[in-house]
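Have a look at the structure below, then the notes.
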Amino acid sequence: MSRDTTFAARSREALADVALRRTLSRVTGHFTATRERTLAAWEHGATKLANGAAARLRAVENLATLLPELEEKVTALGGTVHWAEDAAAARTIILGLAQERGVTSVVKGKSMVSEEIGLNAALAASGITAFETDLGEYIVQLAHEPPSHIIAPAIHKSREDVAALFEKELGETSDGTPEMLTAIARRRLREAFLNAGMGITGVNFAVAETGAVCLLENEGNIRASTTCPPVHVALMGLEKVVATTVEAADVLQVLPKSATGQSMPAYFSVFSGARRPGETDGAREFHLVILDNGRSRIQADPLFRQLLACVRCGACLNYCPVYRVIGGHAYGATYSGPIGLLLSTLLSGGEAHRGLPAACTGCGACVKACPVGVNHGRLIMEIKRRMVEEDFLGGGDGFLASLLAKGYAFAAKRPQLFALAAGSVRRLDPELARLSRLAPLARYAAGRELPRPKEPFSERWLQMDTEEEA
Amino acid sequence: MSAAREAILSRLSREPGAPLPQRSPLPAPEAKTPSEHLSRLGTELAKLSARFVRAGSPDEAQAAVAAVLEEFGVKTAALWDNPLLAALGLPELMSARGVELLRPGGEACGPAARADLGLTAADGAVAESGTIIVRAAPSQPRAFSLLPPVHLALVRADQVSPRLADVPDILARLAREAGGPPSAVHFISGPSCTADIELVKVLGVHGPTTLIVLGLDFTP
Chain A
46 MSRDTTFAAR SREALADVAL RRTLSRVTGH FTATRERTLA AWEHGATKLA
96 NGAAARLRAV ENLATLLPEL EEKVTALGGT VHWAEDAAAA RTIILGLAQE
146 RGVTSVVKGK SMVSEEIGLN AALAASGITA FETDLGEYIV QLAHEPPSHI
196 IAPAIHKSRE DVAALFEKEL GETSDGTPEM LTAIARRRLR EAFLNAGMGI
246 TGVNFAVAET GAVCLLENEG NIRASTTCPP VHVALMGLEK VVATTVEAAD
296 VLQVLPKSAT GQSMPAYFSV FSGARRPGET DGAREFHLVI LDNGRSRIQA
346 DPLFRQLLAC VRCGACLNYC PVYRVIGGHA YGATYSGPIG LLLSTLLSGG
396 EAHRGLPAAC TGCGACVKAC PVGVNHGRLI MEIKRRMVEE DFLGGGDGFL
446 ASLLAKGYAF AAKRPQLFAL AAGSVRRLDP ELARLSRLAP LARYAAGREL
496 PRPKEPFSER WLQMDTEEEA
Chain B
182 MSAAREAILS RLSREPGAPL PQRSPLPAPE AKTPSEHLSR LGTELAKLSA
232 RFVRAGSPDE AQAAVAAVLE EFGVKTAALW DNPLLAALGL PELMSARGVE
282 LLRPGGEACG PAARADLGLT AADGAVAESG TIIVRAAPSQ PRAFSLLPPV
332 HLALVRADQV SPRLADVPDI LARLAREAGG PPSAVHFISG PSCTADIELV
382 KVLGVHGPTT LIVLGLDFTP
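If you read the sequences in order, they're chains A and B.
All residue numbers in the first sequence are consecutive under this note's numbering, ending with 515.
All residue numbers in the second sequence are consecutive under this note's numbering, ending with 401.
Okay, structure coming up:
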């Protein structure tokens, strides 16, 4: 699916793809069902959710003090911290590290930020081979596609698609079972881990008070990328820091639960600098690249700041009625779904993403799913409001930057506006049912139903135990 | 200090937003014996497609290790230099069965990738999540718990913490034991796995296909 077309055109294309819609329905249904089942059985879940959210929100508020503290601690552990204003600066830093060391191949752990800065293309242009090593990422890389889901990048592909891809790109024939396809990837990538000159990973969260960088995964590719190559470069959006180890543990308890329903992923790794003297594996050099790329502007806006609390669990994608039918690629941006709509519009900016706010029906399902309390609905509404205001004012260059610079005070001072809007959505539902009896609206309303907003997740899940018993 | 650093930090707001909720500690867990924590660890590991074997004596532990060697036809094993493994006589047991032993020393990844089995002794565990914990050290290469297709980890009952809320205390203890934060601490909860193709769970992507935890319910 091309990124050059409009959001509306890409959506139409996705909607016409019956196989894609079937896959999306199965995948998002699987994720939401697993999540709800495990959350219902989660001991002290309400407290854990509240603590995780508080840790993230406190961190986002205190970035100006936490980031220098993190830098100091990472440096004290022998690591090197690099600051990147934007995508180009981050690419330059990482390319420079690779070239200075004569690196010709790198292995990469799944990192959305690496997608955001277009790192693979930059590495390729410099003659450096980059292997995506997460199985899903490996598949989409071979297919020359971007990931379509934060948690499951290749979930839009069937086993037949993957088998055909492996045959075409790798010359590997298989029986088409996920087991055999996985075994092929294991063999191919094992070689890459052992020969790579550098491992590049993202960061799930970093701890300011200790300088530790924490990563979660199920496959072991991040462990291999940090264990075998001589250099580890961790790339983090500047918001991915928490103050203390206690708060890191609070986030740890929420992230996998919300993402996949797991208490813990197969591997949770805490890295504190490079290998110590006498150790016989692990990177000899550790570099942390802290990326801004529009985040500081979001942080400076009191209303939009909450967006940076996001832990990238992907829950809002799975619950979004729009994502569930169009999938990730239609967004035409690195991040998809409700969180992606916001991040893409505010981070990468430009007219390219101007159509994205239309991908919100205002149903509020994302708000209820969010473990850290991001109010996507309110933020999307505010983006639309500012866009309208900008249009009346003439629009033009840099309008997205000005989205963040202007007008927020209006909505920030009027939280009741959002409550009112959300309330009206709740009331609309029976109205739509009644409309269906009136021709010519009958044809429109038949088969249409507004999602029924439940109580916010933070309240609803408190009742889950009792619902279960009843 | 770089210009980018100064520019980024200067843009970040120090103004507080809405009042933030305070952290609330979890209620204290029910008091349990190490043996009970070990049982919970085993129960949770089983749910994660890992195997758990309990040993009530050194003899049982040795028998369990011997059974693993037999089952997987282990010819080469990568072993940590670890007092617990030594106290149980495991290096001797393996040598006696003709298993080639790879010990720490020299770059670990290449040899570890050729081993049939990685044998480690956990530095801690978390019962509620079915997690065992290994820290990197000169005598404890990271690759031994990652690259061989089978990872066998020993854990003593008295090492098992009840909850994930204990993770900060565990990390602090490991830093004390190692004389500073370890370069890497890995929390392992089950074998390497993926569901990236059609949501079908497949074990053993880049790490071990099989994780076996041998719980020692005795004082070695």
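Don't be surprised by glycine CBs; every beta carbon is placed ideally from N, CA and C.
Since this is a predicted model, take the numbers as computed values, not measurements.
Item	Value
Environment of residue 63 of chain A [buried if 16+ CB atoms lie within 10 Å]	exposed
Cutoff 9 Å: residue 201 of chain B Cβ touching any chain A Cβ	yes
Listed by chain order, chain B residues near residue 181 of chain A by CB distance under 7 Å	377
Cβ of residue 225 of chain B within 9 Å of any chain A Cβ	yes
Where residue 307 of chain A falls: helix, strand or coil (DSSP)	coil
Span of the alpha helix (DSSP H) around residue 65 of chain A	63-85
Cβ distance (whole Å) where residue 351 of chain B is taken to contact residue 336 of chain B below 8 Å	Going by Cβ atoms, the distance from residue 351 of chain B to residue 336 of chain B rounds to 13 Å, so no, they are not a contact pair.
Backbone CA spacing between residue 187 of chain A and residue 320 of chain B [nearest angstrom]	38 Å
Coil, strand or helix - residue 260 of chain A by DSSP	strand
Selected residue, minimal CA-CA separation from residue 260 of chain A, among A:136, A:315, A:339	A:315
Status (buried if at least 16 other CB within 10 Å, exposed otherwise) for residue 215 of chain A	exposed
Any chain B beta carbon closer than 9 Å to residue 383 of chain A	no
Contact check, residue 162 of chain A vs residue 280 of chain A, beta carbons under 9 Å	yes
Exposed unless 16 or more other CB atoms sit within 10 angstroms - verdict on residue 237 of chain B	exposed
Cβ of residue 195 of chain A within 9 Å of any chain B Cβ	no
Identity of the residues DSSP links to residue 290 of chain A by a beta bridge	Its beta-bridge partners do not exist; DSSP assigns none.
Collapsed DSSP secondary structure at residue 153 of chain A in the structure displayed	strand
Continuous beta strand (DSSP E) assignments of at least 3 residues falling wholly in the stretch 189-263 of chain B	232-236, 257-260
Residues near residue 406 of chain A by beta carbon distance below 7 Å, same chain, minus five either side	366, 367
Spatially closest choice to residue 297 of chain B from B:228, B:280, B:258, B:340, by CA coordinates	B:258
Within-9 Å CB hit, residue 220 of chain B to chain A	no
Outcome for residue 213 of chain A when other beta-carbon atoms lying within 10 angstroms are tallied against a minimum of 16	exposed
Contact the stretch 126-141 of chain A vs the stretch 165-172 of chain A: 3+ CB pairs below 8 Å	yes
Backbone secondary structure at residue 218 of chain A - three-state DSSP	coil
Nearest-angstrom beta carbon gap, residue 332 of chain B and residue 265 of chain A [assumed within contact, 8 Å]	About 10 Å; that fails the 8 Å criterion.
The stretch 175-194 of chain A / the stretch 150-164 of chain A touching (three or more Cβ pairs under 8 Å)	yes
Residue 382 of chain A - DSSP class collapsed to helix/strand/coil	helix
Between the CA atoms of residue 299 of chain A and residue 96 of chain A - distance to the nearest angstrom	9 Å
DSSP-derived helix/strand/coil call for residue 269 of chain B	coil
Chain A contact for residue 192 of chain B (CB, 9 Å cutoff)	yes
Listed by chain order, chain B residues near residue 89 of chain A by CB distance under 8 Å	207, 208
Among A:374, A:408, A:234, nearest to residue 55 of chain A - alpha-carbon criterion	A:374
Cα-Cα separation between residue 215 of chain B and residue 86 of chain A, rounded to whole angstroms	24 Å
Beta-ladder partner(s) of residue 321 of chain B, from DSSP	B:318
Segment contact, 8 Å Cβ cut-off, at least three pairs: the stretch 373-390 of chain B with the stretch 191-206 of chain A	yes
Assigned exposure category for residue 252 of chain B - 16 Cβ within 10 Å defines buried	exposed
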